[in-house]
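Protein chains in written order, with the UniProt record's numbering: chain A, 1 to 196; chain B, 1 to 391.
Cβ coordinates follow ideal geometry from the N, Cα and C atoms, glycine included.
Below is one structure, written out as structure tokens, with a few remarks after it.
Here you go:
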């Protein structure tokens, strides 16, 4: 995301800002839809071409296989998908995500539609990194709701929001680089139990 | 199947557990024919390593016969293989650079957070060594599920005895890499702290790499005797002032390279909340730090410090000033086992390296709990225990 006058002499990604208000102001002015005031962000380098990674990600039905808490992603049409995400206590939260911008091989941005249990927006960028592959950077803006759902969301995002993004990107990297998602399960039954 | 499982401090048992099966395409199942107890296993035994769970199967030095393969495995049923203790994918940036112990893809994503907090980066996965390094079941068992079996295990030619090649799994490449990290030049004098398996293999490796003299330092007479068999001069630090001795033995210059293999028994990985416990037990106390401190102080100006000894947390009174003022180079790291396997297997087959001298005890897997007790209590006599499942 671009650096602007709000943060002179600082090229750091906006989601790493210590000034949350400024970060949200910059992000929503330049890059993502305004859907909240909390950031999560991480980047991972994947030893595969950007076109391949983009194509896999753009088929949103793939994402549930690397996203720990995502129960299902139903692709409704080219721009719209319905997300069902696990929450503690056997409950779940849902929203529709709409693609707001896409550039083949480079960028996918989305925002939740009205009526989302957890409003969110963000973008994933794919930047060619030469011999090292592709740098995939996820930036997510979300609106932690109050009350019971808020607690569920807090749990969902672990101790701090970056952890969940980091884990999901780590699994994406594993699958793309090795063809499988690492597991310490001794047999398929144990793997299913761990996923439950 | 039967497996050696951890249940707490000084509590390891033989349990009946489910057989492993193929889970991912690149997996293979290995029927274990020989497996060893590593010095680092004693620190699991002593309860120093956090993120252990009751029932975890231990063991990271093992070999055996391929009995099942996934669709992505390149192994064939019936092949005899030695399995590296580090689990590496072969596909990521680090594996591409042969920095296999930096592999990013073997450790399941939800086990990566602890090392991320402590070290800034997640660790590669290891067999049988706590959940921080992946939580994979280890090799002190009848069968093991081996991920990335197309990358890690090395196929052993028919007819080669297990004991000749078993230590390719960890301690031989670890000793070799220690010597390599010492960047030995012809005519060098190399000092090695600790004559456990890694130290003894480092002595052998240092000579093969052209060292003129190797000085080995320990206090167990039997281990010093083994070092001397490989041509090392020895110092028993219990009866000798080590620094003064090294200075006189090197004409006042100091060793050109120093190797700290004292902490080698700790592939130890400690989170900050365990530091107090560790300190209280003196595991990270002065004695243990003493070796690396002494090595740095003795090393000649412009010399090299190689540290296969594993440190997990934070140390006090590390002589950073000596490192800077004397212009020392420090090299260390978990072993990139996969990188060294082909060359070291050749060296064994050609008779340049012998590893069998190390084995002091052999026993069936069922006696492993007794093996742990012996290894823990009798470090002079017990240099290496090899367990043989199914015998």
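When burial is assigned at 16 or more other CB atoms within 10 Å of the CB, is residue i buried or exposed?
i	result
residue 177 of chain B	buried
residue 53 of chain B	exposed
residue 16 of chain B	exposed
residue 148 of chain B	buried
residue 320 of chain B	exposed
residue 269 of chain B	Confidence at residue 269 of chain B is low in this model, with a pLDDT of 38, below 50, so its placement is unreliable and the value that follows should be read with caution. With 16 or more Cβ atoms within 10 Å of its Cβ, residue 269 of chain B is classed as buried.
residue 287 of chain B	Caution applies to residue 287 of chain B, whose pLDDT of 40 falls short of 50 and renders its modelled position unreliable; the value that the coordinates give is listed next. With fewer than 16 other Cβ atoms within 10 Å, it is exposed.
residue 140 of chain B	buried
residue 260 of chain B	buried
residue 29 of chain A	exposed
residue 341 of chain B	buried
residue 324 of chain B	exposed
residue 272 of chain B	Residue placement at residue 272 of chain B cannot be trusted, given a pLDDT of 35 that sits under 50; the coordinates are not used to answer.
residue 248 of chain B	exposed
residue 384 of chain B	buried
residue 195 of chain A	exposed
Counting only Cβ pairs nearer than 7 Å, list the residues of chain A close to residue i.
i	result
residue 89 of chain B	177 and 178
residue 18 of chain B	186 and 187
residue 145 of chain B	186
residue 72 of chain B	179
Run through chain B and tell me which residues come within less than 7 Å of residue i, C-beta to C-beta.
i	result
residue 188 of chain A	21 and 23
residue 45 of chain A	93
residue 167 of chain A	109 and 110
residue 174 of chain A	105
What does residue i touch in chain B if you count any residue whose Cβ is under 8 Å from its own?
i	result
residue 171 of chain A	109
residue 163 of chain A	113
residue 132 of chain A	93
residue 191 of chain A	23
residue 40 of chain A	Within 8 Å Cβ-Cβ: nothing; residue 40 of chain A doesn't reach chain B, min ~15 Å.
residue 16 of chain A	Within chain B, no residue comes near residue 16 of chain A; the closest Cβ sits about 15 Å away, beyond 8 Å.
Should residue i and residue j be called a contact, given that it needs their Cβ atoms to be closer than 8 Å?
i	j	result
residue 334 of chain B	residue 86 of chain B	yes
residue 50 of chain A	residue 105 of chain A	yes
residue 173 of chain B	residue 337 of chain B	yes
residue 132 of chain B	residue 51 of chain B	yes
residue 72 of chain B	residue 26 of chain B	yes
residue 238 of chain B	residue 219 of chain B	yes
residue 45 of chain A	residue 119 of chain A	no
residue 376 of chain B	residue 44 of chain B	no
residue 15 of chain A	residue 22 of chain A	no
residue 372 of chain B	residue 12 of chain B	yes
residue 8 of chain B	residue 47 of chain B	yes
residue 37 of chain B	residue 387 of chain B	yes
residue 178 of chain A	residue 40 of chain B	no
residue 37 of chain A	residue 20 of chain A	yes
residue 368 of chain B	residue 14 of chain B	yes
Just to check my reading of the structure: residue i and residue j have Cβ atoms closer than 8 Å, yes? What is that Cβ distance to the nearest angstrom?
i	j	result
residue 298 of chain B	residue 254 of chain B	5 Å
residue 40 of chain A	residue 165 of chain A	5 Å
residue 258 of chain B	residue 295 of chain B	4 Å
residue 154 of chain B	residue 345 of chain B	6 Å
residue 182 of chain A	residue 105 of chain B	6 Å
residue 101 of chain A	residue 109 of chain A	4 Å
residue 307 of chain B	residue 330 of chain B	7 Å
residue 117 of chain A	residue 93 of chain A	4 Å
residue 30 of chain B	residue 146 of chain B	5 Å
residue 68 of chain B	residue 28 of chain B	7 Å
residue 47 of chain A	residue 93 of chain B	6 Å
I want to verify the contact list: residues of chain A whose CB lies under 8 Å from the CB of residue i, in sequence order.
i	result
residue 26 of chain B	178, 179 and 180
residue 142 of chain B	Under the 8 Å cutoff, chain A gives no residues; its nearest Cβ is about 12 Å from residue 142 of chain B.
residue 136 of chain B	184
Along chain A, which residues have their Cβ under 9 Å away from the Cβ of residue i?
i	result
residue 124 of chain B	Ordered by position in chain A, no residue passes the 9 Å Cβ test against residue 124 of chain B, which lies about 11 Å from the chain.
Under 8 Å between C-beta atoms, does residue i make it to chain C?
i	result
residue 75 of chain B	Included in the structure are the protein chains A and B, with no chain C among them.
Between residue i and the ligand ADP, is there a pair consisting of the residue's CB and a ligand heavy atom that are separated by less than 7 Å?
i	result
residue 44 of chain A	Only the bare structure without any ligand can be found here, which leaves the ligand ADP out of the picture.
(Q) Three or more C-beta pairs under 8 Å: does that hold for the segment 71-85 of chain B against the segment 164-178 of chain B? (A) yes
Q) Okay, do the segment 50-66 of chain B and the segment 87-99 of chain B touch, 3+ Cβ pairs below 8 Å being the bar? A) no
(Q) Does the structure place the segment 181-191 of chain A close enough to the segment 125-141 of chain B that three or more beta carbon pairs sit under 8 Å? (A) yes
Q) How about the segment 208-215 of chain B and the segment 187-196 of chain B: do they share at least three Cβ pairs that are nearer than 8 Å? A) yes
Q | Validate contact between the segment 104-112 of chain B and the segment 165-174 of chain A using beta carbons, cut 8 Å, 3 pairs | A | yes
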